[in-house]
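Each remark here refers to the structure printed beneath this line.
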Amino acid sequence: MVVQTRSKNKDVPSKGVQAPRCPVRSRRGMGSGKRRPHTEDKCSKGPRPSSPASIHLSGGGGRKGHAWGSLLRRLLIAAVRPLLGLFAETLPGLRHNQRFSWNLTLTIGAFVGVLHWAHLTTLFENDRHFSHLSALEREMTFRTEMGLYYSYFKTVIEAPTFLRGLWLIMNDNLTEFPLVINAVKRFHLYPEVIIAFWYRLYIGTMDLTGIRTKVCWNVSRGQELHPVESCEGLGDPACFYVTMIFVLNGLMMTLFFIYGTYLSGSQVGGLITVLCYFFNHGEATRVMWTPPLRESFSYPFHVLQMLLITHVLRSHQNCKKDFIALLVANVAFMLPWKLAQFILFTQKSSIYPIAICFVLTFGNHTYLSSYFASSLIITWGFVKKRSKVQKLQSSGCTVWLIQCFLWWSGTIILKILLSQLLAVSDHIHLSDLIIAKILRYTDFDTLMYTCAPEFDFMEKETPLRYLKTLLLPVVVMISFLIFKKVIPDIFYMSPTGEICSRNHVDRDESQNPPTILLVFHELQLFAFAILAIFIMRLKLFLTPHMSVMASLVCSKQLFGRFFDRVRFENFVFALIAVMSIQGWLNLQSQWSIIGEFNNAPQEDLLQWIIHSTRSDAVFAGAMPTMASVKLSTLRPIVNYPHYEDGGLSRVRTKIVYSVYSRQTAKEVRDKLLELHVNYYILEESWCVVRTKPGCSMLEIWDVEDPVNAGKPSLCSILFKDGRPYFTSVFQNSMYRVLRVN
2 MVVQTRSKNK DVPSKGVQAP RCPVRSRRGM GSGKRRPHTE DKCSKGPRPS SPASIHLSGG
62 GGRKGHAWGS LLRRLLIAAV RPLLGLFAET LPGLRHNQRF SWNLTLTIGA FVGVLHWAHL
122 TTLFENDRHF SHLSALEREM TFRTEMGLYY SYFKTVIEAP TFLRGLWLIM NDNLTEFPLV
182 INAVKRFHLY PEVIIAFWYR LYIGTMDLTG IRTKVCWNVS RGQELHPVES CEGLGDPACF
242 YVTMIFVLNG LMMTLFFIYG TYLSGSQVGG LITVLCYFFN HGEATRVMWT PPLRESFSYP
302 FHVLQMLLIT HVLRSHQNCK KDFIALLVAN VAFMLPWKLA QFILFTQKSS IYPIAICFVL
362 TFGNHTYLSS YFASSLIITW GFVKKRSKVQ KLQSSGCTVW LIQCFLWWSG TIILKILLSQ
422 LLAVSDHIHL SDLIIAKILR YTDFDTLMYT CAPEFDFMEK ETPLRYLKTL LLPVVVMISF
482 LIFKKVIPDI FYMSPTGEIC SRNHVDRDES QNPPTILLVF HELQLFAFAI LAIFIMRLKL
542 FLTPHMSVMA SLVCSKQLFG RFFDRVRFEN FVFALIAVMS IQGWLNLQSQ WSIIGEFNNA
602 PQEDLLQWII HSTRSDAVFA GAMPTMASVK LSTLRPIVNY PHYEDGGLSR VRTKIVYSVY
662 SRQTAKEVRD KLLELHVNYY ILEESWCVVR TKPGCSMLEI WDVEDPVNAG KPSLCSILFK
722 DGRPYFTSVF QNSMYRVLRV N
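Note that the numbering used here numbers the sequence shown so that position 436 is 437, with each residue one more than the last.
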């Protein structure tokens with residue numbers, strides 16, 4: 002039975018900071034219920050996350066999220082009908098290549114941007130009941146690497162000055178104790194630095210004007226838990242941080258509408274792009290579940306970058322402003338997220354962002370030793386030797402094959418040489434994971450990735466979901482028409498790259514994309530599909546790009562003959578109507594996800610650490626938990642949920658995780674002492690949980706350490722009695738803290 006245990010009474014709010022007596026509000030039903038059974042990709046990095054916060058599935062009253070959800074439903078229903086009516090008036094003109102209005106495009110783009118922002122806010126609030134959580138609970142919701150990133154935002158805003166906060170994160174002595182690291186360089190923290198600057202500017206401005214920035218409440222949590230203070234408004238750091246992320250991703254939807262409109266030459270194409278994205282929202286993004294991840298900041302600029310590339314390829318004449326804008330978009334895309342350079346490897350759009358990001362990240366060699374940089378150098382070599390290639394007396398197809406082979410082999414060889422030359426050891430990238438999956442190669446490092454659901458193969462259900470919303474059939478049809486149009490040109494191409502006997506010039510390119518633009522988007526689709534099949538996390542590139550490609554159903558260049566026989570508006574309305582059947586069900590399924598964050602065991606652990614240990618006590622444990630320890634207690638840690646750095650992170654994590662191996666207590670104790678560890682946080686779930694065959698910690702260690710296979714697990718021994726090497730000093734239902742003797 003579920004009772005009302007957490008709610009707020011909003012009759013008399015307090016101002017800004019906690020008042021002597023804050024109004025009381027109680028939380029909605031909570032308990033020990035299991036996590037909601039949806040399939041969104043929210044998993045943390047590693048073989049499995051530690052036990053997640055308890056979330057109950059039953060609905061409750063007094064939810065701000067429910068109000069948002071109801072409002073959003075009404076907005077969608079009310080907006081789609083007049084929009085379709087508006088488009089119906091312009092549809093006949095499109096058959097005559099009537100130019101679309103940019104004012105109308107920007108207006109509709111702004112509307113769908115606000116709609117997406119409201120959608121993300123609704124889902125996030127429904128999932129966590131974020132508005133009713135205390136500051137500590139909000140920090141605990143940022144699990145794994147999310148908590149690590151947010152901790153640096155917190156450091157900057159709590160420092161006496163912004164520059165002092167920036168100095169602290171550039172000289173961080175808490176994350177890899179006892180080492181001092183430049184966290185901006187290591188973790189790509191420019192988003193946190195910028196948002197922290199905005200937050201300090203906002204708070205300073207509001208303080209000068211006397212405007213209230215937040216409202217605080219006393220929250221009754223029930224279940225014999227003590228009340229906590231909960232604040233709402235942009236004056237609350239967590240609320241400000243999350244709001245900025247959702248606003249950015251709202252603007253991304255505006256760009257998507259403009260992108261689809263510009264590519265297809267029709268606002269109807271932009272509408273189809275937006276609808277396909279919404280109807281397949283669960284396959285397109287996870288920002289509503291994991292806001293602080295690097296992709297949340299990086300991907301919107303990828304959309305801008307793709308839009309600018311589309312403009313460059315489509316325009317007959319380009320000015321410096323176009324390339325400067327592309328340069329800025331590339332830098333903004335690459336700077337927050339290390340994986341961005343691998344995506345740009347599929348484009349080879351510009352070499353200048355590599356150099357700029359290398360400088361801004363204080364000499365991060367991974368940019369210069371990336372596949373992207375290597376491919377650009379090889380491509381530049383081909384361009385310089387173009388005259389020699391043109392002298393080959395072979396067919397165009399043969400020359401293409403030779404160039405592709407030389408480009409691939411040259412890129413791989415140069416990448417390896419640059420990695421050796423620059424001494425870059427953190428070389429577990431997407432390519433390594435893909436190769437490991439193809440060759441079925443396993444070791445400790447690869448299993449730490451491939452056992453995590455987001456780095457697993459694409460789910461078998463994903464293509465079926467694309468099929469139900471008609472996204473897959475539409476994209477397949479468009480791809481077929483593009484290949485049908487392009488393939489004959491390849492066989493008529495001379496070795497010099499000129500068309501011999503086919504008219505390759507597209508007429509009226511103001512409304513119809515040139516062939517080279519169609520080929521570029523088709524190749525990008527193919528590359529994103531390959532990446533998503535091998536690594537499920539990269540669906541965030543495939544699904545949105547499929548949505549953009551779907552806009553080409555409005556392209557007269559591809560469907561001109563078909564529209565001569567079938568009325569264009571009838572075809573589009575029928576397509577949207579059929580898509581909406583499953584698409585609307587998908588949206589309702591997302592809105593029905595009702596949860597509430599509650600992790601009393603972890604809260605108990607963090608409170609014990611704050612009140613019962615010294616401020617310089619050093620902790621080790623599972624990566625997700627370490628992020629929370631650093632964020633909420635400011636205690637030094639030796640490992641953290643960022644596994645890419647081969648020199649330190651992976652080595653330290655392997656030592657820390659040896660507690661879950663079959664080694665002896667003395668061996669593990671000695672290694673932990675070398676890392677200056679005072680306390681180890683042991684989690685029983687990590688001893689026994691097996692996410693899939695071969696992915697329990699013991700199975701992973703049996704691959705890494707076959708000599709000790711068959712011996713009892715160390716963690717089971719430590720849960721009984723770790724003396725004389727470890728002493729238990731704290732224990733609850735989920736965690737046990739061991740002092741390293």
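For glycine and all other residues, C-beta sits at the position ideal for the given N, C-alpha and C.
- With at least 16 other beta carbons inside 10 angstroms of its own, R636 counts as buried.
- With respect to the C-alpha of P161, the residue from I517, N183, A197, F257 having the closest C-alpha is A197.
- Fully contained in the segment 245 to 288 are the following alpha helix (DSSP H) runs of length 4 or more, in chain order: 268 to 280, 282 to 285.
- Close CB contacts of V475 within its chain, under the 7 Å cut and outside five residues either way in sequence, are with A551, V554 (chain order).
- Counting C-beta pairs closer than 8 Å gives fewer than three between the segment 240 to 255 and the segment 532 to 544, which falls short of the contact rule.
- Nearest to I611 by alpha-carbon distance, out of V477, N599, S633, is S633.
- In this model, I701 and F564 are separated by some 58 Å (Cα to Cα).
- The C-alpha of E523 lies about 36 Å from the C-alpha of Y242.
- Residues of the same chain with a CB within less than 6 Å of the CB of Y200, apart from the 5 flanking positions on each side, are I158, F241 in chain order.
- The shortest CA-to-CA distance from R295 to any of W218, D208, L169, R187 is the one to R187.
- According to DSSP, D173 shares a beta bridge with I182.
- S734 counts as exposed, since fewer than 16 other C-beta atoms from the protein chains shown sit within 10 angstroms of its C-beta.
- Distances from the alpha-carbon of R663 to those of M698, R222, Y736 put M698 closest.
- DSSP, reduced to helix, strand and coil, places R129 within a helical segment of the structure shown.
- Pairing M627 with K712, the inter-Cα distance amounts to about 28 Å.
- In this structure, A330 sits near L309, with a CB-CB distance shorter than 8 Å.
- A residue is called buried when at least 16 other Cβ atoms come within 10 angstroms of its Cβ; T210 does not meet this threshold and is exposed.
- Taking T156 as the centre and dropping the five residues before and after it, the same chain places the C-beta of G166, L169, I170 closer than 7 Å to its C-beta, in chain order.
- In the DSSP assignment, S662 forms no beta bridge with any residue.
- Bounds of any beta strand (DSSP E) do not take in A710, whose DSSP letter is neither H nor E.
- In this structure, DSSP gives L532 a helical state, which the three-state scheme calls helix.
- Counting the other Cβ atoms within 10 Å of the Cβ of R566 gives fewer than 16, which makes it exposed.
- In the structure shown, E225 adopts coil according to DSSP, grouped into three states.
- With 16 or more other CB atoms across the displayed protein chains lying within 10 angstroms of its CB, V275 is buried.
- For L588, there is no enclosing beta strand (DSSP E); the enclosing alpha helix (DSSP H) has its first and last residue at 569 to 592.
- Here H317 is exposed. Its C-beta has fewer than 16 other C-beta atoms within 10 Å.
- Nearest Cα to L314 within the set Y300, D722, I517: I517.
- The Cβ atoms of M459 and I582 do not sit closer than 8 Å to each other.
- Judged by DSSP secondary structure, G234 falls outside any alpha helix (DSSP H); it is assigned neither H nor E.
- Proximity to E455 across N742, G205, T692 peaks at T692, based on C-alpha coordinates.
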